[in-house]
Amino acid sequence: MDALSSLLQNLQPRASVFFTGEKCGNFSIDTSGTGRANFHVIARGQCWMSINSRLDPRPLQAGDLVLLPHDAPHALLPHAQGELPDNSSEGYVSLICGFLDFDSNRANPVLAALPDVIVLRAEEHPEDGWLDLLLQFMKHEAQREAPGMNIVIDRLSEVLFLFILRALIDRQEQSPEFLRAFADPAIARALGAIHERPGDPWSLEQLADVAALSRTAFINRFRELVGITPAAYLVQYRMDQASSWLRQGTISMDEIAERCGYNSTAAFAKAYKKTTGLAPGTVRRGSRSSI
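For what it's worth, this note's numbering labels the leading residue of the sequence shown as 1, then goes sequentially.
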């Protein structure tokens, strides 16, 4: 499994679409204020998007995708000036709108690396055509209103999020630094090794060998792209994994410690509390009480 896939699998992205339909005339759609990532697919027609009530709204056309990872205040409007002028022929748009949720009890390095607003224009879609095909499938499913439509569109929206990440990574120099790490073959190999075997006693020399870089070059490139040292990332990823296992409640503390590369439960508990501020037992008990 590649490095990005393994990270996203652990973060458990989940989409929930709450609107599929058309808006005509004067309208204002604001999905912010929930603390959740939101997204909009412009299926047909056109509209404008105002961010933080600014007076310079952005035009959106059919095929454009909008992702707001940090719940930025925004509104979709029928006209650049907000309301439509009298006798205007504008004001029609077909939309698919929804939320993206992640494992809320864990740090989310993917979302943290993303800008407040991402607009992927129709003309920026990858040339292989798969994103366009996915959007066609989503629009077709929304129009059919067949049994199970909501579940199908939710799952397709999760795939859509992955396509947006791919498109950002492909932009290279325009991509956020953390995502650029997955486009860098050397650093992606090191990340993949950590994600695949977090309990191994990784040393800087071993990770540098995986990346096929000198120790110094590896440390510098890793810090530049990921934002922290390889050692810090390894600890962070282990604790993220541990948090997930603790909440699941099906793995013993001894096994979690071993999976995270610690020789004793006491050493693991000390490292976990230092990193997260919580004792492992507190996290496990909290998970049980929420069931």
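Don't be surprised by glycine CBs; every beta carbon is placed ideally from N, CA and C.
Proximal residues to residue i (C-beta, below 7 angstroms), its chain only, five neighbours per side dropped
| i | result |
| --- | --- |
| Thr250 | none |
| Phe114 | According to the sequence displayed, residue 114 carries Leu and not Phe. The residues are Pro69 and Pro176. |
| Pro13 | Leu100, Phe102, Glu158 and Phe161 |
| Ile42 | Leu60, Gln61, Ala62, Gly63, Asp64, Val93 and Leu95 |
| Arg238 | Pro198, Cys260 and Gly261 |
| Ser264 | Ala257 |
Residue closest to residue i, alpha-carbon to alpha-carbon, out of the options
| i | options | result |
| --- | --- | --- |
| Ser16 | Ala122, Pro126, Asp154 and Ser50 | Asp154 |
| Leu135 | Val117, Ala112, Leu95 and Asp101 | Leu95 |
| Pro333 | Pro147, Ile228, Leu246 and Ala80 | Nothing in the structure corresponds to residue 333, since the chain is present only between 1 and 291. |
| Trp245 | Asp170, Arg284, Glu145 and Ala122 | Arg284 |
| Glu196 | Glu127, Pro280, Glu145 and Gln241 | Gln241 |
| Met347 | Asp128, Gly129, Glu127 and Asn150 | Beyond the ends of the chain as shown, which are 1 and 291, falls residue 347; an answer cannot be given. |
| Glu127 | Gly281, Arg166, Ala193 and Lys274 | Arg166 |
Beta-carbon proximity list for residue i, same chain, < 6 angstroms, skipping 5 on both sides
| i | result |
| --- | --- |
| Val66 | His40 and Val119 |
| Glu22 | Ser94 |
| Thr20 | Ile96 and Ala142 |
| Leu111 | Pro69 |
| Arg180 | Leu225 |
Beta carbon proximity, residue i to chain E, threshold 9 angstroms
| i | result |
| --- | --- |
| Ala211 | The question asks about chain E, but that chain is absent: this structure has only one protein chain. |
Cross-strand partners of residue i (DSSP beta bridge)
| i | result |
| --- | --- |
| Ala37 | Leu100 |
| Cys24 | Tyr92 |
| Trp130 | Answer is none; Trp130 lacks a bridge partner. |
| Pro73 | In the DSSP output, where bridge partners are listed per residue, Pro73 has none listed. |
| Cys260 | Cys260 is not bridged to any residue. |
| Leu60 | Cys47 |
| Ser16 | Phe99 |
| Val119 | Val66 |
Other residues of its chain near residue i: CB distance less than 8 angstroms, five sequence neighbours each side excluded
| i | result |
| --- | --- |
| Phe178 | Pro109, Val110, Ala112, Ala113, Leu225, Val226 and Gly227 |
| Asp71 | Ser32, Gly33, Thr34, Gly35, Arg36, Ala37 and Asn38 |
| Ile291 | Only weak support is given to the placement of Ile291: the predicted model assigns it a pLDDT of 48, under 50, and the value that follows is read from those uncertain coordinates. Excluding positions up to five away in sequence, the list is empty. |
Should the segment 27-37 be regarded as contacting the segment 74-82, the criterion being three or more beta carbon pairs within less than 8 angstroms?
-> Pairwise C-beta distances place the segment 27-37 in contact with the segment 74-82, as three or more of them are shorter than 8 angstroms.
Meets three-Cβ-pair contact criterion under 8 angstroms: the segment 181-189 and the segment 43-58 | The answer is no - the segment 43-58 does not touch the segment 181-189, with fewer than three Cβ pairs under 8 angstroms.
Can at least three beta-carbon pairs, one atom from the segment 225-241 and one from the segment 191-206, be found at a separation below 8 angstroms?
-> Contact between the segment 225-241 and the segment 191-206 is present: 3 or more CB-CB pairs across the two stretches fall below 8 angstroms.
Which ranges would you report for the alpha helix (DSSP H) in the segment 162-223 if only whole runs of at least 4 residues count?
-> As for any alpha helix (DSSP H) of minimum length 4 sitting wholly inside the segment 162-223, the runs are 177-183, 185-196 and 204-211, ordered along the chain.
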